[in-house]
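A.B. asks:
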Amino acid sequence: MKNVVVLSGAGMSAESGLKTFRDSDGLWEGYDVMEVASYDGWMKNPELVNSFYNDRRSQLSIVEPNAGHFAIKDLEEAYNTTVITQNVDDLHERAGSKNIIHLHGELTKLRSSKNNDLYEIGYQKLKYGSLCPKGGLLRPHIVWFGELVPMMERAVEMVKSAHILIVVGTSLEVYPAASLIDFVQTNTEIYLIDPNRHQDMESNKLTVIKNTAAKALPQLVNRLINLCNH
Numbered sequence: 003m004k005n006v007v008v009l010s011g012a013g014m015s016a017e018s019g020l021k022t023f024r025d026s027d028g029l030w031e032g033y034d035v036m037e038v039a040s041y042d043g044w045m046k047n048p049e050l051v052n053s054f055y056n057d058r059r060s061q062l063s064i065v066e067p068n069a070g071h072f073a074i075k076d077l078e079e080a081y082n083t084t085v086i087t088q089n090v091d092d093l094h095e096r097a098g099s100k101n102i103i104h105l106h107g108e109l110t111k112l113r114s115s116k117n118n119d120l121y122e123i124g125y126q127k128l129k130y131g132s133l134c135p136k137g138g139l140l141r142p143h144i145v146w147f148g149e150l151v152p153m154m155e156r157a158v159e160m161v162k163s164a165h166i167l168i169v170v171g172t173s174l175e176v177y178p179a180a181s182l183i184d185f186v187q188t189n190t191e192i193y194l195i196d197p198n199r200h201q202d203m204e205s206n207k208l209t210v211i212k213n214t215a216a217k218a219l220p221q222l223v224n225r226l227i228n229l230c231n232h
């Protein structure tokens, strides 16, 4: 069975009603991203940061996966499928995908400031000052600017083993995630789904599909499944 890796970004979540992490004006839900997505921002105003992620979890609880998420799940019928996502929401999980690597953390989890222990919070609010059972201050389980991306090594391994790579909902401008495409093998098929991407990026191994995730993925997945079955 061939390996398919899907690298997903904020464009997928946007089609479900979630704002992208960094809009063109450098804001996320009206906030300067460095105020709410950096360790310095956390140290400067932790209650603001805590409130911001409480609101993000509340918003996440009322949106649903879109057709693109469900199409990715359907890939598992014919391929060994791994989702590597830059998104911090749980829409891939709720669509039914099983093998998911979250590069930038997860909204539905908390992290201890004392160690790497994780705790499920779902869509609940976190009261600032709450401690984990070992006494560490709880913070959002989000990889902020300037912090290491702990799942990057595993993601690189998955990309290296991919027979097919699907890049969707990401501009490939945020590093280190953007560098993952550099680790594909020379014979790996690459599909780049982006309604704003120029066609001149196409090459023998790269196919650009100028459409949104929710529209393009169901068609692409059906084609890949049919190819696998014949």
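Quick note: to get this note's numbering, add 2 to the position in the sequence shown (first position is 1). All residues carry an ideal CB built from backbone N, CA and C; glycine is no exception.
Are the beta-carbon atoms of Arg141 and Leu112 separated by less than 8 Å?
C.D. replies: It is a contact, given that the beta carbons lie within the stated cut-off.
A.B. asks: Tell me the DSSP secondary structure of Ser181 in three-state form.
C.D. replies: It is helical.
A.B. asks: Within 10 angstroms of the Cβ of Thr190, are there 16 or more other Cβ atoms? Answer buried if so, exposed if not.
C.D. replies: It is buried - the Cβ of Thr190 has at least 16 other Cβ atoms within 10 Å.
A.B. asks: For the alpha helix (DSSP H) that Val169 lies in, which residues bound it at each end?
C.D. replies: Here Val169 belongs to no alpha helix (DSSP H); instead the beta strand (DSSP E) covers Ile166 to Val170.
A.B. asks: Mind checking which residues open and close the beta strand (DSSP E) that includes His94?
C.D. replies: From DSSP, His94 is part of no beta strand (DSSP E) but of the alpha helix (DSSP H) over Leu93 to Ala97.
A.B. asks: With a Cβ-Cβ cutoff of 8 Å, do Ala216 and Gly43 count as a contact?
C.D. replies: It is not a contact, given that the beta carbons lie outside the stated cut-off.
A.B. asks: The alpha helix (DSSP H) spanning Ala116 covers which residue range?
C.D. replies: The question names Ala, yet the displayed sequence has Lys at residue 116. No alpha helix (DSSP H) holds Lys116; DSSP gives it neither H nor E.
A.B. asks: Going by the CB atoms, is the gap between Gly107 and His143 shorter than 8 Å?
C.D. replies: Yes, the pair counts as a contact, with Cβ atoms nearer than the cut-off.
A.B. asks: Taking C-alpha atoms, which residue in Tyr121, Leu219 and Gln61 lies nearest to Pro197?
C.D. replies: When only C-alpha atoms are compared, the closest one is Leu219.
A.B. asks: Is Leu174 helix, strand or coil by DSSP?
C.D. replies: It is coil, neither helix nor strand.
A.B. asks: Assuming contact is defined by CB atoms lying nearer than 8 Å, are Glu66 and Thr214 in contact in what I supplied?
C.D. replies: Against a cut-off of 8 Å, the Cβ pair of Thr214 and Glu66 comes out as no contact.
A.B. asks: How do the stretch 29-49 and the stretch 146-159 stand: do at least 3 beta-carbon pairs fall below 8 Å, yes or no?
C.D. replies: Contact between the stretch 29-49 and the stretch 146-159 is present, because at least three Cβ pairs lie under 8 Å.
A.B. asks: When DSSP labels each residue in this structure, what does Ile103 get in the three-state scheme?
C.D. replies: It is a strand residue.
A.B. asks: Provide the residue span of the alpha helix (DSSP H) that contains Ile227, from first to last.
C.D. replies: Note, Ile227: alpha helix (DSSP H), Ala215 to Cys230.
A.B. asks: Does the beta-carbon distance from Asn68 to Val6 come in below 8 Å?
C.D. replies: Contact flag unset, no.
A.B. asks: If you draw a straight line from the alpha carbon of Asn228 to that of Leu182, how long is it in whole angstroms?
C.D. replies: Distance between the alpha carbons of Asn228 and Leu182: 27 Å.
A.B. asks: To the nearest angstrom, report how far apart Glu159 and Phe185 are at their CA atoms.
C.D. replies: Approximately 9 Å between the Cα atoms of the pair.
A.B. asks: Work out the CA separation of Ser15 and Cys230 for me, nearest whole Å.
C.D. replies: Taking the straight line from one Cα to the other gives about 28 Å.
A.B. asks: Quick one: using the 10 Å Cβ neighbour count with 16 as the cut-off for buried, is Gly131 buried or exposed?
C.D. replies: By the neighbour-count rule (16 or more Cβ atoms within 10 Å), Gly131 is not buried but exposed.
A.B. asks: Starting from Val210, follow the beta strand (DSSP E) in both directions and report where the run begins and ends.
C.D. replies: Leu208 to Ile211 is the span of the beta strand (DSSP E), which, as asked, contains Val210.
A.B. asks: Is it buried or exposed, Arg59, if we count other Cβ atoms within 10 angstroms and call 16 or more buried?
C.D. replies: Classification of Arg59: buried, given that the 10 Å Cβ count is 16 or more.
A.B. asks: Does the separation of the CB atoms of Gln88 and Ala39 fall below 8 Å?
C.D. replies: No. Outside cutoff.
A.B. asks: Which term fits Gly171, buried or exposed, when burial requires 16 or more other beta carbons within 10 angstroms of its beta carbon?
C.D. replies: Answer is buried; the Cβ neighbour count reaches 16.
A.B. asks: Taking just the CA atoms, how far does Tyr193 sit from Thr209?
C.D. replies: If I take the Cα positions, the gap works out to 5 Å.
A.B. asks: Please classify Asp92: is it buried, with 16 or more other beta-carbons within 10 angstroms of its beta-carbon, or exposed?
C.D. replies: When all chains shown are included, Asp92 counts as buried.
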